[in-house]
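Protein chains in written order, with UniProt numbering: chain A, 1 to 581; chain B, 1 to 354. Right, one structure below, let's go through it.
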């Protein structure tokens, strides 16, 4: 049987196996990702702009242009990635492998911070911790009479805290998905050997989950170094520059060449770390732990530590989900952020234009611009989630099945490239490439299509990375056995791979939707009045001092994101009944 | 020696194991056999200490290791027992040697002794050349051997097997059966083996417990089970091929209806029952006779110089093993000759009638 099948497959493919697939995938992501980035590079190499390299790297300006922002960026990346893996991994272990009480609730809460835009968390932080240094309104804690030191109010510390509080959910999602596929037999076999909990954790669970942990670390590192909103809102007021904010500043003041140079250097710097992470993952043997033989789920008994650990997890979730949301809602209702829970008014939501409040701005529900922005944003999220998931699955599948070879390496590198590119630079690259007509195709600037293409391309790493941890775990045997039945590639994807990987896929499209909903840095340059999106509106309100309107819009984003998550959770539970206890 | 007394396990309202009692001496090879869902794996997991009984006790060598009444059980590792999982549960990130060595490391065996023991068990299982490979790089049969090597490396007094051969092909299964028995004898340990395959049970066991719906139907030596099945279920479950059961009813005048057909009978019957006939006692013909029942031909196969013929009619399925038989084609009628007296009689509920 097996011999016939292999002979047949040799006969069918005159080309090396998987080559057409690889070429197709490479072509798509080449256009989506490589072309705009190549455009940035060539723009800085043009004769009239090449001097920007010297200005940035070796000139009296370079300390401020590059070196200080670079060290700040690295501190952010390393500390945030470490914190996220610790917190996200801890919560994932607790939810997936132990008998901690309310683990489903913790599991849901631990995914929520990712739905809260990082600029929203940053705004919530300022609503609480802002001190009088910058003038204007002070935060709630100063309103209570506490004195908030500058280091807690502005700069590195709050940025680190806000980014960790935001990105740990990503590490949680990836690590939890991997832990969920660890066959409980593996743990029981270790129990039979007499290993204590700590030994089982260090000797079995951690090594098996290591690819996912590395994936989580590399994702959160990349997220932190390319994040624009949090350092912009918390760092810029005290002149703390990261490479992302420096790049934004350069492009804002029209020095695009210098901005592009910084973008390229940021890509190079981050590439070292991600290259290392990828090596760790792809250098390892794949652990096919889904074997098609049902292992029953048995949980670690935490014993006396059950409630203390629950309290710890609950506190983490509470501080990173409930507190920012409550602060946002309260500050969308309170005229003064130093008295968040007093004099509440619905004016910022439903009020009509009154010259005495907020320079005559009408409440968000009366603003037609905001209503149309909501429609555009949701449509964008849905389209990008679908297109991105399909593309991400194709790429992850291609990489999992054909891991070696030049083309696979190229696909891998390209697919993860957007991680290293600050959204703002990616947006600029898209304008550079698609702002003018390309051949027979019209200019796309200002169209919904451009937003979709840019969003899909930008989020490819996330759809690939989250799907990948899962698809790698789906044993090759299962696909091969389907192959023996004569099922074609598409049929096998639909009947075998997708159902088995649907938890990871649902998580992936969820992340894409939510990321697009809350994205600021990518769309801030692609934004035009014909394609309004909510996050940019919120950011504009915030930077113009209308914190209440900004927070009201952010609440709208939150409601849509959370509703989407709950829906996705329902669908997942329905589609995989065998995962229930 | 293993003693199980009134062992009970409930999951919520579902009773998976209902008051099971049995005892086997040291060195025994106990096989728990039964259809899926009969509770055999749950018993094994309780023996391993992975599940706590909700009632009854388990004792190894007169030392109680689990007590359901007191909700108390000794840690899996303190029970001097090893378990081979159905999925093998080889740790994917460790080499073959690493898998075998890790439990010894956990048990703090000195390094030199450990290496020697790893080499010893790998050699015993004939996989000493695979030490540096990873589980994903070796075949299913080899993975099976690694799982066994890993279990016996710490020299447990009790070997537990959870359907270990169910993922292997037929030839390998027979080979591994012999291999397992060899390991069992080489270690001198007491083994408990769970399977749904009665052939495995009959060939390997010194003691067999046939389970159904969480209860023991019969416990004894393989030969005893075939010679004197105590319930109708056991009669149709064990033996190769298993015995035939025919529903019989009194039909007046001392005559008896066999599956609806009235035939002269050599025994007395006053109420409906199930009559057991061994395959070797049935005759087969292509034309009706004095004491025959006609069934539709189902299959025939040569067995050790004889012919095994099976016919079906509705729920009734009869298998005969005869020296010689006419050629049948699908659709033909096979006339099974029924002996005058059955080997045993069971009540409609399955109990043996004296």
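Just so it is clear, CB atoms sit at the ideal spot from N, CA and C, and this is done for glycine as well.
(message) Distance check for residue 560 of chain A and residue 112 of chain A, CA to CA, integer angstroms please.
(response) Counted from its first residue, the first chain places residue 112 of chain A at position 112. Counted from its first residue, the first chain places residue 560 of chain A at position 560. Straight-line Cα distance between these residues: approximately 12 Å.
(message) With a threshold of 8 Å between beta carbons, is residue 192 of chain A in contact with chain B?
(response) Reading the first chain from its first residue, position 192 is the one you call residue 192 of chain A. Judged by the 8 Å Cβ criterion, residue 192 of chain A is in contact with chain B.
(message) Does the distance between the C-beta of residue 29 of chain B and the nearest non-hydrogen atom of the ligand COA fall short of 7 Å?
(response) Because no ligand of any kind appears in the structure shown, any question about the ligand COA cannot be addressed here.
(request) Taking only the alpha-carbon atoms, compute the straight-line gap between residue 234 of chain A and residue 9 of chain B and give it to the nearest angstrom. (result) The sequence position of residue 234 of chain A within the first chain is 234, counting from 1. The sequence position of residue 9 of chain B within the second chain is 9, counting from 1. Taking the straight line joining both Cα atoms gives about 59 Å.
(request) Since I believe residue 542 of chain A is in contact with residue 108 of chain A (beta carbons under 8 Å), could you give me their beta-carbon distance rounded to a whole number of angstroms? (result) In the first chain, counting from the first residue as 1, residue 108 of chain A sits at position 108. In the first chain, counting from the first residue as 1, residue 542 of chain A sits at position 542. Residue 108 of chain A to residue 542 of chain A, Cβ: 28 Å. No contact.
(request) Check the Cβ of residue 186 of chain A against every Cβ in chain B and list those closer than 7 Å, keeping chain order. (result) The residue you call residue 186 of chain A lines up with position 186 of the first chain. Ordered by position in chain B, the residues that pass the 7 Å Cβ test against residue 186 of chain A are 89 and 91.
(message) Are the CB atoms of residue 117 of chain A and residue 554 of chain A within a distance shorter than 8 Å?
(response) For the purposes of this step, residue 554 of chain A is taken as residue 554 along the first chain, with counting starting at 1. For the purposes of this step, residue 117 of chain A is taken as residue 117 along the first chain, with counting starting at 1. A contact, by the Cβ cut-off of 8 Å.
(message) Going by DSSP in three states, residue 548 of chain A sits in which element: helix, strand or coil?
(response) By 1-based counting over the first chain, the position of residue 548 of chain A is 548. Three-state result, residue 548 of chain A: helix.
(request) Would you check if there are 3 or more beta carbon pairs closer than 8 Å linking the segment 141-152 of chain B to the segment 112-129 of chain B? (result) yes
(message) With H, G and I counted as helix, E and B as strand and the rest as coil, what does DSSP make of residue 43 of chain A?
(response) In the first chain, counting from the first residue as 1, residue 43 of chain A sits at position 43. In the structure shown, residue 43 of chain A sits in a helix (DSSP, three-state: H, G or I).
(message) Cβ closer than 7 Å: which chain B residues qualify as neighbours of residue 363 of chain A?
(response) Translated into the one-based positions of the first chain, residue 363 of chain A becomes position 363. Near residue 363 of chain A there are no residues of chain B at all, since even the closest Cβ is about 53 Å away, more than 7 Å.
(message) Does residue 184 of chain B come out as helix, strand or coil in the three-state DSSP assignment?
(response) Translated into positions along the second chain, residue 184 of chain B becomes position 184. Residue 184 of chain B: helix per DSSP, three-state reduction.
(request) Name, in chain order, the residues that DSSP records as bridge partners for residue 169 of chain B. (result) Looking up residue 169 of chain B in the second chain gives position 169. DSSP, once it has assigned bridges, lists no residue as partnering residue 169 of chain B.
(request) Have a look at A:251, A:406 and A:269 and flag the residue whose alpha-carbon is nearest the alpha-carbon of residue 585 of chain A. (result) In the structure as shown, chain A starts at 1 and stops at 581, and residue 585 of chain A therefore has no counterpart that could be examined.
(message) So within the segment 214-239 of chain B, which uninterrupted alpha helix (DSSP H) runs reach at least 4 residues, ignoring any that extend past its ends?
(response) 222-227 and 232-237
(request) Look at the Cβ atom of residue 127 of chain A, then the Cβ atom of residue 337 of chain A, and state whether they are nearer than 8 Å. (result) As a position in the first chain, residue 127 of chain A is number 127, starting the count at 1. As a position in the first chain, residue 337 of chain A is number 337, starting the count at 1. Yes, Cβ-Cβ distance for residue 127 of chain A and residue 337 of chain A is below 8 Å.
(request) Please confirm whether residue 105 of chain B and residue 117 of chain B have their CB atoms less than 8 Å apart. (result) Here residue 105 of chain B refers to the residue found at position 105 when the second chain is read from its first residue. Here residue 117 of chain B refers to the residue found at position 117 when the second chain is read from its first residue. No, Cβ-Cβ distance for residue 105 of chain B and residue 117 of chain B is not below 8 Å.
(request) Determine whether the Cβ of residue 65 of chain B lies closer than 8 Å to any Cβ atom of chain A. (result) Against the second chain, residue 65 of chain B aligns to sequence position 65. Answer no: the Cβ-Cβ gap between residue 65 of chain B and chain A never drops below 8 Å.
(request) Output the distance between the C-alpha atoms of residue 324 of chain A and residue 78 of chain B, rounded to the nearest integer angstrom. (result) Locating residue 324 of chain A in the first chain gives position 324, counting from the first residue. Locating residue 78 of chain B in the second chain gives position 78, counting from the first residue. The straight-line gap from Cα to Cα measures roughly 49 Å.
(request) Identify, in the order they occur along the chain, each residue of the same chain with its Cβ nearer than 7 Å to the Cβ of residue 237 of chain B, setting aside the five sequence neighbours on each side. (result) Locating residue 237 of chain B in the second chain gives position 237, where the first residue counts as 1. Cβ neighbours of residue 237 of chain B beyond the five flanking positions: 198 and 210.
(request) Tell me, please, which residues DSSP counts as bridged to residue 49 of chain B. (result) One-based indexing of the second chain puts residue 49 of chain B at position 49. DSSP lists no partner for residue 49 of chain B.
(request) Tell me whether residue 290 of chain A sits in a helix, a strand or coil according to DSSP, three-state version. (result) Within the first chain, numbered from 1, the residue matching residue 290 of chain A stands at position 290. Unreliable placement is indicated for residue 290 of chain A, whose pLDDT of 36 sits below 50; the coordinate value is still reported in the next sentence. Three-state result, residue 290 of chain A: strand.
(message) Using a Cβ-Cβ distance cut-off of 8 Å, determine whether residue 189 of chain A contacts chain B.
(response) Reading the first chain from its first residue, position 189 is the one you call residue 189 of chain A. Cβ-Cβ to chain B under 8 Å: yes for residue 189 of chain A.
(request) Could I get the ranges of all uninterrupted beta strand (DSSP E) runs contained in the segment 1-65 of chain B, with 3 residues as the minimum, in chain order? (result) 2-11, 14-24, 29-33 and 55-60
(message) Strictly under 8 Å for the Cβ-Cβ distance: is residue 3 of chain A near chain B by that measure?
(response) Locating residue 3 of chain A in the first chain gives position 3, where the first residue counts as 1. Because residue 3 of chain A sits at a pLDDT of 46, beneath the cut-off of 50, its placement in the model cannot be relied upon, and the following sentence gives the value as read from the coordinates. Not closer than 8 Å to any Cβ of chain B, the Cβ of residue 3 of chain A fails to qualify, so no.
(request) Check residue 285 of chain A in the structure and name its three-state DSSP category. (result) Stepping through the first chain from its first residue, residue 285 of chain A is reached at position 285. Confidence is the limiting factor: at residue 285 of chain A the pLDDT is only 48, short of 50, which leaves the residue's position unreliable and the question unanswerable from this model.
(request) Go ahead and label residue 67 of chain A buried or exposed: buried means 16 or more other beta carbons lie within 10 angstroms of its beta carbon, across all protein chains shown. (result) Counting from 1 along the first chain, the entry for residue 67 of chain A is found at position 67. By the neighbour-count rule (16 or more Cβ atoms within 10 Å), residue 67 of chain A is not buried but exposed.
(message) At a CB distance below 8 Å, what residues from the segment 193-217 of chain A approach chain B? Give them in sequence order.
(response) 193, 194, 195, 199, 203, 204, 207, 208 and 210
(request) Would you mind sorting residue 649 of chain A into buried or exposed? The rule is 16 or more other CB atoms within 10 Å of its CB. (result) Residue 649 of chain A lies beyond the residue range present for chain A, which begins at 1 and ends at 581; the question has no answer from this structure.
(request) Pair every Cβ in the segment 431-448 of chain A with every Cβ in the segment 397-414 of chain A, then say whether three or more of these pairs are closer than 8 Å. (result) no
(request) Answer yes if the segment 42-58 of chain A comes into contact with the segment 241-260 of chain A, meaning at least three C-beta pairs across the two stretches below 8 Å, and no otherwise. (result) yes
(request) Determine the burial state of residue 253 of chain A: buried for a count of at least 16 other Cβ atoms within 10 Å of its Cβ, exposed for fewer. (result) Here residue 253 of chain A corresponds to residue number 253 of the first chain, with the count starting at 1. Residue 253 of chain A comes out exposed.
(message) As an exercise, report each continuous beta strand (DSSP E) stretch of at least 3 residues that is fully enclosed by the segment 54-136 of chain B, in chain order.
(response) 55-60, 63-67 and 81-84
(request) Please list the residues of the segment 101-115 of chain B that have a C-beta atom closer than 7 Å to any C-beta atom in chain A, keeping them in chain order. (result) 102, 103, 106 and 107
(request) Entirely within the segment 183-260 of chain A and at least 4 residues each: give me those alpha helix (DSSP H) ranges in chain order. (result) 184-192, 197-200, 206-226 and 243-252
(request) Please state if the CB of residue 140 of chain A and the CB of residue 365 of chain A are separated by a distance shorter than 8 Å. (result) The sequence position of residue 365 of chain A within the first chain is 365, counting from 1. The sequence position of residue 140 of chain A within the first chain is 140, counting from 1. Result no, Cβ atoms of residue 365 of chain A and residue 140 of chain A do not sit closer than 8 Å.
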